[in-house]
Amino acid sequence: GVLFTYEAALGSAHTALASTEDEAKSVQLVSEIQSSLAPKEAPKQYNGQVRKVAYLTFDDGPGKYTAELLDMLKRENAKATFFLIGSNVKAFPDLVKREDAEGHYVGMHSMTHNYKKLYTEGHYVD
Numbered sequence: 010g011v012l013f014t015y016e017a018a019l020g021s022a023h024t025a026l027a028s029t030e031d032e033a034k035s036v037q038l039v040s041e042i043q044s045s046l047a048p049k050e051a052p053k054q055y056n057g058q059v060r061k062v063a064y065l066t067f068d069d070g071p072g073k074y075t076a077e078l079l080d081m082l083k084r085e086n087a088k089a090t091f092f093l094i095g096s097n098v099k100a101f102p103d104l105v106k107r108e109d110a111e112g113h114y115v116g117m118h119s120m121t122h123n124y125k126k127l128y129t130e131g132h133y134v135d
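In terms of this note's numbering, the sequence shown opens at residue 10 and continues consecutively.
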């Protein structure tokens, strides 16, 4: 899926899900990343107007459209953040290398996206 998001939209839902030590460390890492991404200077002005910034994030990749997406981003001189699924990384390793080589941020979303392994029955929508 494709998600268009604005700054500081990461992590809040993950905090409630932290139940193990590893998950707590992940939540802490997300919090640190959020802090590091916070604006460190006043908004930029262009022709007397404050410029707004939209952050592009793409989840659950890479996939069959990732190469085309990377071509578009390159053509528009735009950067994005890609949150990957481990099983897709195995299927498309060259696309992951390309995402990194072209200056995009890359992070892991999950290994399999198998909600049945993450949550007890009745605590997720399949």
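Positions of the beta carbon are idealized from the N, C-alpha and C atoms, including for glycine.
From L142 to L79, what does the alpha carbon distance come to, in whole angstroms?
-> Any question about residue 142 goes unanswered here, given that the chain covers just 10 to 135.
Would you kindly report the start and end of the unbroken alpha helix (DSSP H) that includes G95?
-> G95 to A100
Got a sec? Which residues, its chain only, sit under 7 Å from R107 by beta carbon, not counting five neighbours each side?
-> L79
Reduced DSSP category for V62 - H, G, I as helix; E, B as strand; rest coil | coil
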